Each structure stands twice: as structure tokens, then as C-alpha cells.
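Remarks on the structure that follows.
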Amino acid sequence: MAVDAGFPETITQTKRRARHVDWVMLVCATFIVFVVVIAIFAPVLAPHDPNQVDILSASQGPSASHPLGTDVLGRDLLSRLMYGARLSLSGPALIVVISTVLGTFLAVAAAWMGGWFDGVSSRILDILFAFPGLIFALLAVAIFGPGLVAPVIALSIAYLPYDARVLRSVALRERNLPYIQACYVEGLPTRTITGRHLLPNIMPFVIVQATISFGYALVDLAAISYLGLGVAPPASEWGLMVANGQASILTGHPQESIYPGLLIVATVVAFNLFGDRLATRWSVTPK
Amino acid sequence: MSALLEIQGLHVDLQVEGFPRPVIHDTTLALDAGEALGLVGESGAGKSMTVRAIMRLLPPGAQTQGRILYEGEDVLAFDRGALRRFLAGEAAMIFQDPTTHINPVRTIGDFLTEALITNNDVKPAAARSQVSAILEDVGIADAERRLTQYPHELSGGLLQRVMIAAALAIKPRLLLADEPTTSLDVTTQSEVMAILDEQRRQRGLGMIFVTHDLELAAAVCDRIAVMYAGFVVEDRRAESLHEDARHPYTAGLMASRPSSAQRAARLWAIPGRPLSAFEVGEGCCFASRCPFVEERCRAEAPALTELDGGRVRCHRAQELRGRLSEAFTGGSDV
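As they're listed, the protein sequences go chains W and C. Per our numbering, the first sequence starts with residue 8, numbered consecutively. Per our numbering, the second sequence starts with residue 734, numbered consecutively.
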């Protein structure tokens, strides 16, 4: 932290802080961009069709044609990982977008209106808190059947209270700052004050919260796929690959589980560290 | 002249840990169009709360009694639409600390034009030229450049002028200034005050000017109301208040001012500590510190009554006429 002993930092300090290169953040950001680019351009970059079965070259180690080897059905693991990135990243992205947008909206509304709306919405969120996200998702899958849609919606709802609660307290603090009161005194309508003044000023918190939620969402969604409740088998998804590769570990071919497992860990760590560093850099502390 | 603003028996309770706690007992004031009224008193006397009540800017849970009539209509009873029209076009407020009252991430131009564009349907280009004309009025020379700057690029004095410009931009008839110069250094204070005073007079605005500074209030205001512990205790023309206070508290305040003409070994002070509004019991709010206190003062609260062209809240005001200043000349003439 650049702010010490409660003194507001000087302009030189701010500039120094802005110039200071945070290597951890840079590495995380590079990795995130790398994974996202691969997910987007998977059809161009993948050396093989991810679903092409080739029994003759099943469970191979690394080779020139299959850099990361093949799975038990002879499918190219590198291609499957690349295509898998699409589902594995777009799922959490959807969850984060839905829960953050709804959460921010709810938080700002609750902080602004206060009174009964704040009370009722806070109690509903408290009730949602009682359900762990995974249980919620299992319930949704049990009702709507497997696939990506049910867990995504369920996890969006499960993540909503976390975002809403953190952002509500931020919005509440911001709402009582003098400049917001000055806007009110100018007779500006509520939507202008909240939309053009309050929201932009809590954006750093929203972005940090979303970044950190992404990591959790990725793990949760991978866990659901691992349990066989997410995307259906021919499609490739990291959590699903870990599950599929389990049997081969015993026969001495752990590659199908290990690579996606490592990717999940690395991506989650990258997002969490990035969010954490971003929070420090913007002097934003979630929770 | 009929009153622009009339506050009748305003009483405000705030919620403190779930219980109502009074911050204003009885504010009764009137302000004519184009008149400047100074609201003075110690911290916690209820000055700012009075002004905030007029703008309906009280903290959540606050309960009000009494009426605040703006041109005969009760501000406290306004619905959302009426309140917005009142805030957008009739009343403007200047705050104590300009640096915290302007959104730090928007430019000065955005800040100044926003109300005009959203509330008064002025086109952005027209709003910009209107606003830069007002900036020139408040003594900001390179208005065009200032409009593109951010609040942190301006000094406190400049920023307070921007606040004044923002208040003037909506062409209000009532200006509420809550210690507008307290956060500025002394030389800037006098400049900003001169500009505020000049612009107010030119535009014929009614103003309530909240301050701790009696001299300043006397210099820029027509009338001064003195508040103590949630009561208006005296309300009199500025020039006569100085010479001829009728309330013991006002006389005490006058006697405890330092004088640049005479050297004082020790500054005189009113004995005791200022009471908070919620500590006032039966009887007069000033009874615990008043040198003229008698039985009746402790038992029965005096009403605000007319006396010598002003109003005073004291049982003994009439008989004490002329004797107040002697009682308080303790140390100030040494």
C-alpha cells in the first residue's frame, strides 16, 4: 500500500505507484489473456478435431503430432483442452456477468432507497446465503436436467448475495458522501445521481468483486462438470476431462486428468491474484 | 414585503440508537426576498440542521414538526415532484467543504452544466456558455479552461467559487450557505465572501448564511438570528445586535470576541460549556450559564417575543435592557 500512517499520498507518490510494475499482476494478466485468446481462436489453433476418435493411438504420451498425448479414445488432448477452454471460461463468465449486474443493481437500489426495500432485499439475500452454491446447482440440475444452462443460472443466483452484500455496503458509504448530497440538492433525478455519479464511483469495487468471483465460479462449475451434471460427454470441458481421465490414472496414463486439472488451478489462481492485486492498486478492499 | 421563507416552530428529532433525540427545539424565522439572514451560534446549536431541514437533507429517520413555508407552501409536505422543482429551480445550497461536495471523477464543466441540462432542458452547448459566463461573474478568469479541468486541479478557493457558480447557475431565489468559507484560508475567505455577497445583491437573492463568525455575519447580513441549544434565542437587525443585544447569550458572545483595537490579557468566555439540544430540560435553555438567572428561568421556558424591533427569547429581556453589556465586560477591556 502506498498510503502510510493515514497521510493522503502526494502526487509524486501516486505517480510512482502508477509507474510501479507489479510483476505478479502482469504475469496473471498475461496468462488470463493467453487462455482467453486460445478459447476464442480454438478452431484455428487446435491441431486436431477434438472429437475425432482414433483407437489405434489411444492413451499415447507426447509426440510430434499430439504434443500433450491422447486420451483413452485416442482424441488429441491439446485440441480438447483448447476447445474445453471455451466452455470452461464462458460458463463462469456468464455467471459473473449475471450475478454482478443483478447484484450491483440490487445493491445500489437497496443503498439508495433504504427503508423497507433494503430490509426485505437484505433478508432475502440472507436466506440465499444459507444455500451453498454447489447444492443450489445440484438442485437446479435435478429439476432442469444436465447441461450448462441450469448450473449457470443456479450459480448466478448463488453468487448474487456475495456481490450484492459487498457492493451494498460500498454503495451505502458512497451514497452518504457529500458530493452525492450535493447532487440531490441540485434537484437531480434519482436515476441521474445513481447512474452517472454513484455507479461510476463504485465501479472499482464492482470490477474487483467480479474478478475474484470468476475464480470461484470456475471451480464450482468445473466441480459440477466433474460430477457429470454439467455439459454432456462428447463436448470437452476441463472439469469433465478430469473426471473422464480418472480411470486411466490407474493404468498409468494420468495425462487426461492432469493437464485440465493444472489448467483449472492456474486459471483460478491467476484470476484471484489479479483481482487481489487490482484491489490493492485501486485501494479497494472487498469484504 | 411578504416573506420568501418562513420557518414556524421547527422541531427536529434524530434517531440515535433507536430513540428520538432532539437537535432543534424551536426555530422560528422569516426571510424576505432579497434579504440576507445570518444564522450564528456554537457548534451543535442547530444551525446546519435548520438549513438541512429546508433542503429536506436530514439524515434518515429524522422526524420534523412545525412548518417551513416557501412562498406559502410547506416544504416539509412537498411530494417528490414538488421537492425536485423546489431544489432544481428555487433553492440552492453552498456547502462548507467544496472538495468533498464535487464528484471527483467528473470535470468542472460536467458538474456545473449537469443540473441545467437535466433539469432545465438547456442544450449542452448553451449550458456551457451560460456557465462560463457565471464563472467569469464569480471571478474565474479563464473559464473555458477551468471547465475542462477536474476538481483536484483547482485550489480550495477556486473550487468554492465553482460551488457558488453552481448555486447561481440554476437561478434560485433562495440561497443557503452553510459555513461557505470555514474550510478556506483567511485571505481566500475574504475574496470568496466578497464575491458571494456581491453576486447575491446583484441577483437579489434571499440568503441564509450559517457561520460561527459574528463579524462576518454582521458585515454581509441584514439580520442575524442567534441559535443556542436548538433554539433561536435572538433575532435582530445586524447593526443593532452588535451594539444592543437583548439576550444574555448574545451579549455574552459579543463580549467574548477578541478585539484588534485593545489588548486583552485574557479573552473573556461565557462560563460553563455549551449545552446540546437534547440536554435542555424544563425552563430556559441558557439558564445553566446565565448570570441573570432567576427561579422563573429554571421553571418555565420563555417564548420568542418581540422587543425593540427584534425578537428575543428571555423572561428578563425587558428589565435587563442596557444592563447586559456591563455584566459581560469582565476581562475584555483590561
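Every residue, glycine too, gets a C-beta built ideally from N, C-alpha and C. In this text the structure is predicted, and so the values were computed from the model without any measurement.
Reference Tyr169/W, options Gly252/W, Ala137/W and Phe278/W, closest by Cα: Ala137/W
Interface flag, Ser1065/C vs chain W, CB-CB below 8 Å: The predicted model places Ser1065/C with a pLDDT of 41, which falls under 50 and marks its position as unreliable, so this point remains unresolved.
Contact the segment 172-180 of chain W vs the segment 765-785 of chain C: 3+ CB pairs below 8 Å: no
Secondary structure of Ile835/C, DSSP reduced to three states: coil
Option in Glu931/C, Gly890/C, Gly937/C and Ala900/C with minimal Cα separation from Val919/C: Gly890/C
Residues bridged to Val745/C [DSSP beta-bridge criterion]: Ile757/C and Thr797/C
When Val215/W, Ser70/W, Leu113/W and His55/W are compared against Tyr90/W, the one with the closest alpha-carbon: His55/W
Opening and closing residue of the alpha helix (DSSP H) in which Arg130/W lies: Gly122 to Phe136
Pair within 8 Å by beta-carbon distance, Met782/C and Val745/C: yes
Residues that Phe828/C contacts on chain W, provided the C-beta gap is smaller than 7 Å: Pro185 and Ala189
Within chain C, partners of Thr199/W - CB distance below 8 Å: Glu847 and Thr851
Helix, strand or coil at Val172/W according to DSSP, with G and I counted as helix: The question names Val, but residue 172/W is Arg in the sequence shown. The answer is helix: DSSP assigns Arg172/W an H, G or I state.
Listed by chain order, chain C residues near Asn279/W by CB distance under 9 Å: The premise fails here: Asn279/W is roughly 27 Å from chain C at the closest Cβ pair, so nothing lies under 9 Å.
Interface partners of Gly121/W on chain C, CB under 9 Å: Pro793
Glu768/C: first and last residue of the uninterrupted beta strand (DSSP E) it sits in: Glu768/C -> no beta strand (DSSP E), and no H or E assigned at all.
Under the three-state DSSP convention, the category Asp955/C falls into: coil
Per-residue DSSP class, three states only, for Ala277/W: helix
Terminal residues of the alpha helix (DSSP H) in which Arg26/W lies: Ile18 to Arg26
Contacts of Leu195/W in chain C (Cβ-Cβ under 9 Å): Arg817, Leu820, Ala821, Glu847, Ala848, Thr851 and Asn852
Counted within 10 angstroms of its Cβ, other Cβ atoms place Arg180/W as buried (16 or more) or exposed: exposed
Contact set for Thr274/W: own chain, Cβ-Cβ below 7 Å, skip 5 residues either direction: Val42 and Leu225
Per-residue burial, Val148/W [other beta carbons within 10 Å of its own, 16 or more giving buried]: buried
For Gly1005/C and Glu1028/C, the rounded distance between their alpha carbons: 19 Å
Segment limits, beta strand (DSSP E) that includes Val966/C: Phe964 to Arg970
Straight-line Cα distance separating Gly110/W from Leu929/C: 44 Å
Cβ pair count under 8 Å reaching 3, the segment 277-291 of chain W against the segment 213-224 of chain W: yes
Span separating the alpha-carbon of Leu909/C from that of Met826/C: 5 Å
The alpha helix (DSSP H) enclosing Val226/W, as first and last residue numbers: Leu206 to Tyr233
Neighbouring residues, chain W, relative to Ile835/C (Cβ below 8 Å): Tyr186 and Ala189
Collapsed DSSP secondary structure at Thr983/C in the structure displayed: helix
Burial state of Met960/C, where buried means 16 or more other Cβ atoms lie within 10 Å: buried
Contacts that His204/W makes with chain C (C-beta to C-beta distance below 8 Å): Asn836 and Arg839
Three-state secondary structure assigned by DSSP to Val1013/C: coil
Close beta carbons around Thr881/C, own chain, < 8 Å, minus the five adjacent residues each side: Thr840, Ile841 and Gly842
Assigned exposure category for Thr846/C - 16 Cβ within 10 Å defines buried: buried
Inter-residue spacing [alpha-carbon to alpha-carbon] between Ile957/C and Arg1031/C: 26 Å
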